Every structure is written in C-alpha cells, then in structure tokens.
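J.: In the numbering used here, the protein residues as written are 12 to 248. Please find one structure pasted underneath; my questions will follow.
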Amino acid sequence: MPSDSALRIVWIYPDLLSTYGDQGNVLILEQRARKRGIPVETIYVRSADPVPDSGDIYLIGGGEDRPQILAAERLRRDNGLSRAIDNGASLLAVCAGYQIMGTVFGGEEGQPVAGIGLLDIESRRGPSRAVGELAAEVDTGLGGHMLTGFENHMGVTRLGSAVRPLSRTVVGTGNGDGTEGCHTGKIVGTYLHGPALARNPWLADVFLGWATGPLLPIDDTWYDRLRKERLTTVLPT
Ligand code: GLN
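So, in structure tokens, the structure goes:
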C-alpha cells in the first residue's frame, strides 16, 4: 500500500452474505487501522455491482443457501476478486463465503454448486447442522493463538494439499475433520461468525500487517475481556 493513500477495505455483497454480525469484521479492521493513524476507505460492493480489483483487504460473510448460490454465480462471472488476489490483496472469507472460495459446495438440496476456486477446498452438506461456540488452536505459522467464534452451518469441508488448516478444533465442528478453516498466501477462510475479528483481534492485525507492514501496539483490554469470557465459557477446565 503506498504511504500516501488510504487502506482500501472491500466488503463483498453485504446485500447477500452478512449473518451473525459478520459486518463487524469490517468495523474492527477500520477501528484498529484508524487507532494506528492509518487512513481507511471502505467500499461496500452490492451484488449488482462489479468487484473492484484495487482493494487491499477483501471480506465476504456467511449466509443462507440461496443467497450463497447467487453470490457464487455472480462472483464466477465477475473476475475482480481473483484479479485483486493476483495483485497481492488479502481475503477473509467466512462460512458461506469460505465455501464459495473453494471449487464446489453443497446447495440447498445438497446439489453440487461450483465455487470460484480461489481455495483448494471442497464442501458438501454434512449429516447434521453444526451450531454453537468453537475454540481451536491456530496454526503456528499464523501466530498459534486460540481461535474463538460461533458456527452455524450444514457444510463440511475437505482441504486439498494447496491449503493449510487455519486451526485444530478443541471445541466445535469447523471443517468436520478436527480442523477449522484454512489459509494459503493472504487468504484465510473460516466457519466462524461472532464476528471473527472482534473475537480474534490478532487475526485482524495479521490482515492489517499484510497490507501496511509492522503495526503499533494498541489497547486490547476490551477484546481481551471478550476473549476470556468466551473461552473460559467453552473450554474444558
Ligand atoms: N449455507 C452454508 C451452510 O449451511 C453456510 C451457512 C453460513 O454461512 N452460516 O453450510
């Protein structure tokens, strides 16, 4: 990101995919950037509009099966996100948005629906809905923190060899195989709502660091209280 320009955050399809406070991920990035004196410009891309390829950080949220299928169709026709990733942008994809980034996911009747293939993952409808709190140990390559969030999905996800698990589940379902989410390059996919970045500010800083370089420390008191409250509630003692 050039030093004289604002950090460009792009929120993809808020009209289709934004459940369980996913839009909070945008607010957390904005707030944590501004507290460090980094100017921010946020672009809300509705599903009728083209996805710009000039952003620094892209976010997409979760949603119901039908809007998820619609979003996948529109993103497949619009190559803006793939171009942005090729240009060096990062992406946080949550739940339905995470599944869309793979090669295929299960529709409302379990039918296979094509994703956009940015991630080497395949999702399908699982035997039961995974609902509730999740805690997981994050890949040491991304800091080894504890991931905390809320999941609500039917999908199960198989990771291919081109991605690494984001974390190993301690509580909850995640991908359905003992892992939760995945990452490769500057793309992170996760099943977690909550919103994920409010509950995992270290992950917000991973994205901000990718875009702007080393970050100044900021006051995490309230984030820490939220994390502690959630983690002590769900983790076995
Ligand atoms: N429709 C998807 C599933 O059930 C995603 C759900 C979500 O985004 N919360 O797996």
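Note that CB positions come from ideal geometry on N, CA and C, so glycine has one too. As the structure is a prediction and not an experimental result, all values here were calculated from the model.
Jot down the residue ranges of each uninterrupted alpha helix (DSSP H) in the stretch 201–227, minimum 4 residues, whole runs only, in chain order.
T.: 207–210 and 212–223
J.: Can you say whether residue 229 is buried or exposed, counting buried as having 16 or more other CB atoms within 10 angstroms of its CB?
T.: exposed
J.: Just to confirm, are residue 215 and residue 39 a CB contact at a threshold of 8 angstroms?
T.: yes
J.: Starting from residue 43, trace the alpha helix (DSSP H) in both directions and tell me its first and last residue.
T.: 35–45
J.: Please list, in chain order, all residues of the same chain as residue 189 whose beta carbon is under 7 angstroms from its beta carbon, the five residues on each side excluded.
T.: 179 and 180
J.: Here's a check: name, in chain order, each residue in its chain whose Cβ is nearer than 6 angstroms to the Cβ of residue 169, leaving out the five neighbours to either side.
T.: 133
J.: One question on the structure: do residue 73 and residue 24 come within less than 8 angstroms of each other, judged by their Cβ atoms?
T.: no
J.: Buried or exposed, going by whether 16 or more other CB atoms sit within 10 Å of the CB of residue 22?
T.: By the 10 Å Cβ count, residue 22 comes out buried.
J.: Confirm the yes/no value for this check: CB of residue 107, any heavy atom of the ligand GLN, distance under 7 angstroms.
T.: yes
J.: I think residue 100 touches residue 66, with their Cβ atoms under 8 angstroms apart; what is that distance to the nearest whole Å?
T.: Rounded, the Cβ-Cβ distance is 6 angstroms, consistent with contact.
J.: Looking at the unbroken beta strand (DSSP E) that takes in residue 240, where does it start and where does it end?
T.: That residue, residue 240, is in no beta strand (DSSP E); its alpha helix (DSSP H) goes 232–245.
J.: Is residue 261 helix, strand or coil when you go by DSSP?
T.: Residue coverage of the chain in this structure runs from 12 to 248, which leaves residue 261 outside it and unanswerable.
J.: Looking at residue 117 and residue 135, is the spacing between their C-beta atoms short of 8 angstroms?
T.: yes
J.: Compute the minimum distance between the beta carbon of residue 191 and the heavy atoms of the ligand GLN, and state whether it is under 7 angstroms.
T.: Placement of the Cβ of residue 191 at a distance of 7 angstroms or more from every heavy atom of the ligand GLN is found.
J.: Return the bridge partner residues of residue 135 from the DSSP annotation.
T.: Checking the DSSP bridge columns, you'll see residue 135 partnered with 167.
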